[in-house]
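Just add 1303 to wherever you are in the sequence shown, counting from 1, and you've got the working numbering.
All C-beta atoms in this analysis are idealised placements derived from N, C-alpha and C, irrespective of residue type, glycine included.
Just so you know, these numbers come straight off a predicted model, no measurement behind them.
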Amino acid sequence: MALRDPLAFFADQASSVISRAMDELSEESWRDLVVSSSRGTVSVLSKDARADIDLEMPPEGMGDLAFPCFQLTRFYEAPPNNVAFRLFPYIKPTDDMEPPILAGPYINLTIKPERLVEETLRSVLTFGDEYGSLEPSHTKVILEHTSANPNVPLHIGRARNPIIGDSLARVMRMAGYDVSTQYYMNDMGRQIVLLYWGYQHRDERDDEVQDLKPDHRVVGYYQQAYKMAEDDPGVDAEIRSIMTRLEKGDQEIIDAVRAPALMGLEGIRASLERLDIHHDDIISESQFVMDGTVSEVMDSLASTEYTVEEDGAMALELESFGVQGRNTKFVFRRSDGTSLYTTRDLAYHLWKAKQGERLINVLGEDHKHEARTLQLALDSMGARVKVEPIFYAFVSLPEGRMSTRTGRGVALDDLMDEAVSRACKDTRERRPELDDEAVEAIGRAVGLGAVRYNIMRVQPEKSMVFRWEEALNFEGASAPFIQYSHTRACSILRKAEQEGEPIIDMDPGEAARVLTHDAELALTKAIARLPGTITFCAEEQKVHTLAAYAERLASTFNQFYRDVPVLQAGDLRHPRLQLIKAARTTLANTLRGLGIEAPEQM
């Protein structure tokens, strides 16, 4: 039977081996310990301490799995090196393992190469496009990302939000979670009312504006209204009057205000679709005003012991929760009785909590205070709702501002256009025999893949500068490099078919007996790590780890191709072609997890 995660299968064996060895050592040393193992983790329990010790990946050439003894010092009252030395003689490896290796405070275990190759090939060739995906966990996750105000186009500074959010949704689905992605649409805040007012007073004769993409068109209406409201008290009074009508649930004005906002949202969604980013649901904040949830939230907050009144407005006092500085009060109801954005956001999260078991929000680093305030407000209301925020720093370009149609920095549309244009130019230079349609298809795949990968490969909390020479590099950590490795695997398999000798699907055990070259084993290990990487990325919510894995997999595949012949390998031709099929599948599945196209030619 094929295994979903070959390495996890062997890690379970290794943790059981360690667990049994610790039982024996504890008995002989009169230690009253309870030792168990599960999923590559050894758990140790005494009357006054507990430790859960995960197996690690040792340095190259030191085995496949490493058991660290640092946490055992308190149980055996000895330094970690001594504990490892005392435990080592009790290690009795299974038939799937080589003899253990003692490495200071570590005990390293090596999977027999033939068994690793056999089970890895069987897994990939059995599950195919599903390799790397795990069994369903039946845990419902609501993942909110992007949620940008629809009065301006998406810009490069916020591009990480949808890219991280979409990639995390893909990875969590692969890990077995039931994920629903949501876009929370601001359709009644001051910015949206300004957009509506500007739209109502737009100049219909401005043909140049009418030809723009919807989100690039509405930003002009918003900017015009914003300036007029600043300069003209009468306009500002109109804006406040419209906001009051919205808060009272006036359906006519709600529908009117939503119209230009939906226009801007249409343009934003078109931008996201170019990056293959889609939301399962668009949730409007007006929904929670109309159904009375916002009023219930304000009444609930008003009744807590942490609420204070200032000049008719109601606020939650946050100093009791350890909040210091200027923002120690969360105003949830204005003096005129209307709510604020965060108040409506509370109603949204109470509703979300009824839709799923886990709530994950992707937010810019400038929203940390708001996220903390949201959680404190939920806690003060007695709501058993825990929000898992993922914060990201912003993206910039080394040249700063580019020429853009909005005058507000670099629009994501401009970034994508430039990336595709450069990729098409590069493709025409390298592949002059291709027609325009083929060049454009490759340019889109490579250019848009470069945008996604280059933004995703950096840890979210680290700020980053988008550099073209890095993003479109065919030799380093970039989407084109990984995509090209996939096309190379496709090309080898195509050539094998064209030579007239069909590729034989060998029994994995038979192939494993002859795939013994260091390059073959290195590639097999890299392939075997995909399911575990998916599990880690989903549990730790770190999609940049999958980006790093993709680069390592592509590098290992290219080293394999460099070091051993395939089509002219004689008796090794078919087993090596099987390994290339497994590599191609794994590269494609990894790219899909990253939301990047896996082209068959470049």
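Identified DSSP bridge partners for residue i
{"i": "Pro1309", "result": "Note: Pro1309 sits in no beta bridge, so no partner."}
{"i": "Tyr1487", "result": "Ile1586"}
{"i": "Glu1612", "result": "Met1617"}
{"i": "Ala1714", "result": "His1458"}
{"i": "Thr1641", "result": "According to DSSP, which records beta bridges pairwise, Thr1641 is partnered with nothing at all."}
{"i": "Ala1354", "result": "Val1347"}
{"i": "Tyr1695", "result": "Gly1667"}
{"i": "Val1338", "result": "Val1347"}
{"i": "Arg1661", "result": "Val1444"}
{"i": "Asp1481", "result": "Lys1443"}
{"i": "Met1767", "result": "Val1698"}
{"i": "Val1690", "result": "Leu1662"}
Extent of the continuous beta strand (DSSP E) to which residue i belongs
{"i": "Leu1412", "result": "1409-1412"}
{"i": "Lys1443", "result": "1443-1447"}
{"i": "Val1600", "result": "Val1600 -> not in any beta strand (DSSP E); alpha helix (DSSP H) instead, spanning 1596-1605."}
{"i": "Ser1450", "result": "Per DSSP, Ser1450 belongs to no beta strand (DSSP E) and is neither H nor E."}
{"i": "Pro1783", "result": "Note, Pro1783: premise wrong, no beta strand (DSSP E); alpha helix (DSSP H) at 1782-1801."}
{"i": "Phe1370", "result": "1368-1371"}
Assumed close pair residue i, residue j - CB separation to whole angstroms, cut-off 8 Å
{"i": "Gln1786", "j": "Leu1653", "result": "Wrong, their Cβ atoms sit about 43 Å apart, outside the cutoff."}
{"i": "Phe1694", "j": "Leu1677", "result": "About 13 Å separates the two Cβ atoms, so there is no contact after all."}
{"i": "Leu1412", "j": "Asp1367", "result": "7 Å"}
{"i": "Ile1542", "j": "Leu1497", "result": "6 Å"}
{"i": "Leu1890", "j": "Arg1755", "result": "Not confirmed; about 16 Å, so no contact."}
{"i": "Gln1745", "j": "Pro1902", "result": "In the sequence as displayed, the identity of residue 1745 is Ile instead of Gln. Yes, Ile1745 and Pro1902 are in contact; Cβ-Cβ is about 6 Å, under 8 Å."}
Reduced DSSP secondary structure (H/G/I, E/B, other) of residue i
{"i": "Gly1667", "result": "strand"}
{"i": "Glu1359", "result": "strand"}
{"i": "Asp1631", "result": "A small correction: the amino acid at residue 1631 is Thr; Asp does not occupy that position in the sequence shown. Coil, per DSSP."}
{"i": "Ile1404", "result": "strand"}
{"i": "Leu1515", "result": "coil"}
{"i": "Met1705", "result": "Only weak support is given to the placement of Met1705: the predicted model assigns it a pLDDT of 38, under 50, and the question is left unresolved by the model."}
{"i": "Val1320", "result": "helix"}
{"i": "Asp1821", "result": "helix"}
{"i": "Arg1636", "result": "strand"}
{"i": "Val1869", "result": "coil"}
{"i": "His1581", "result": "coil"}
{"i": "Tyr1525", "result": "helix"}
{"i": "Trp1654", "result": "helix"}
{"i": "Glu1778", "result": "coil"}
{"i": "Val1592", "result": "helix"}
{"i": "Arg1734", "result": "coil"}
{"i": "Glu1804", "result": "coil"}
{"i": "Met1365", "result": "coil"}
{"i": "Asp1556", "result": "Just to set this straight, residue 1556 is Ile in the shown sequence, not Asp. Looking at Ile1556 - three-state DSSP - the assignment turns out to be helix."}
Short Cβ contact (8 Å threshold) for residue i with residue j
{"i": "Glu1813", "j": "Val1867", "result": "no"}
{"i": "Tyr1525", "j": "Gly1501", "result": "yes"}
{"i": "Glu1691", "j": "Leu1662", "result": "yes"}
{"i": "Leu1457", "j": "Ile1571", "result": "yes"}
{"i": "Gln1485", "j": "Glu1447", "result": "yes"}
{"i": "Leu1375", "j": "Ala1815", "result": "no"}
{"i": "Asn1454", "j": "Gln1494", "result": "yes"}
{"i": "Ile1394", "j": "Ile1410", "result": "yes"}
{"i": "Phe1370", "j": "Ile1404", "result": "no"}
{"i": "Leu1833", "j": "Leu1882", "result": "no"}
{"i": "Leu1419", "j": "Ala1680", "result": "no"}
{"i": "Phe1388", "j": "Val1347", "result": "no"}
{"i": "Phe1471", "j": "Gly1835", "result": "With the sequence shown as reference, residue 1471 is identified as Leu, and Phe is not the correct amino acid for it. No. Outside cutoff."}
{"i": "Leu1575", "j": "Ile1837", "result": "no"}
{"i": "Arg1647", "j": "Glu1588", "result": "yes"}
{"i": "Asp1583", "j": "Ser1450", "result": "no"}
{"i": "Met1467", "j": "Met1719", "result": "What sits at residue 1467 in the sequence shown is Ile, not Met. In this structure, Met1719 does not lie closer than 8 Å to Ile1467 by Cβ."}
{"i": "Thr1631", "j": "Glu1673", "result": "no"}
{"i": "Met1684", "j": "Ser1603", "result": "yes"}
{"i": "Leu1796", "j": "Lys1884", "result": "yes"}
{"i": "Ala1616", "j": "Arg1636", "result": "yes"}
Residue i: first and last residue of the uninterrupted alpha helix (DSSP H) it sits in
{"i": "Phe1430", "result": "1416-1430"}
{"i": "Phe1863", "result": "1847-1866"}
{"i": "Thr1397", "result": "Thr1397 -> no alpha helix (DSSP H), and no H or E assigned at all."}
{"i": "Pro1536", "result": "1536-1550"}
{"i": "Gln1881", "result": "1876-1896"}
{"i": "Phe1839", "result": "1833-1843"}
{"i": "Trp1500", "result": "1493-1503"}
{"i": "Pro1383", "result": "1383-1390"}
{"i": "Arg1377", "result": "1376-1379"}
{"i": "Val1749", "result": "1739-1759"}
{"i": "Ala1814", "result": "1811-1815"}
Heavy atom of the ligand MG within 7 Å of residue i beta-carbon
{"i": "Phe1391", "result": "In terms of ligand content, the structure shown is empty, and the ligand MG therefore cannot be addressed."}
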